[in-house]
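For the record, in the sequence shown the residue sitting at position 24 is 24 according to full-length UniProt numbering, with numbers rising by one throughout. From the three backbone atoms N, C-alpha and C, an ideal C-beta is built for every residue, glycine too.
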Amino acid sequence: MAYGGRFGGRGRDFPREMHKAICSDCGKECEVPFKPTEGRPVTGPR
Numbered sequence: 001m002a003y004g005g006r007f008g009g010r011g012r013d014f015p016r017e018m019h020k021a022i023c024s025d026c027g028k029e030c031e032v033p034f035k036p037t038e039g040r041p042v043t044g045p046r
């Protein structure tokens, strides 16, 4: 049986595209799994 059904869900076995950003809490460079939007804060992993 395939997972995802009619909604086309994806498994976790694919490489996720990471994007570089500057953490608004500490000012260090970090990588996030989404494309940062200018003007919106990004926080790194805690």
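Whether residue i touches residue j by CB criterion (8 Å)
i: residue 47; j: threonine 37; result: Any question about residue 47 goes unanswered here, given that the chain covers just 1 to 46.
Neighbourhood of residue i by C-beta, 7 Å cutoff - its chain only, sequence neighbours within 5 removed
i: glycine 19; result: Reading off the sequence shown, one finds histidine at residue 19, where the question assumed glycine. Cβ within range, chain order: Glu31, Val32, Phe34, Lys35 and Pro36.
i: glutamate 29; result: Lys20 and Ile22
i: proline 41; result: Ser24
Residues near residue i by beta carbon distance below 8 Å, same chain, minus five either side
i: arginine 16; result: Pro33
Own chain residues within Cβ distance below 6 Å of residue i, not counting five before or after
i: phenylalanine 14; result: none
Extent of the continuous beta strand (DSSP E) to which residue i belongs
i: cysteine 30; result: 29–32
i: lysine 35; result: Lysine 35 -> no beta strand (DSSP E), and no H or E assigned at all.
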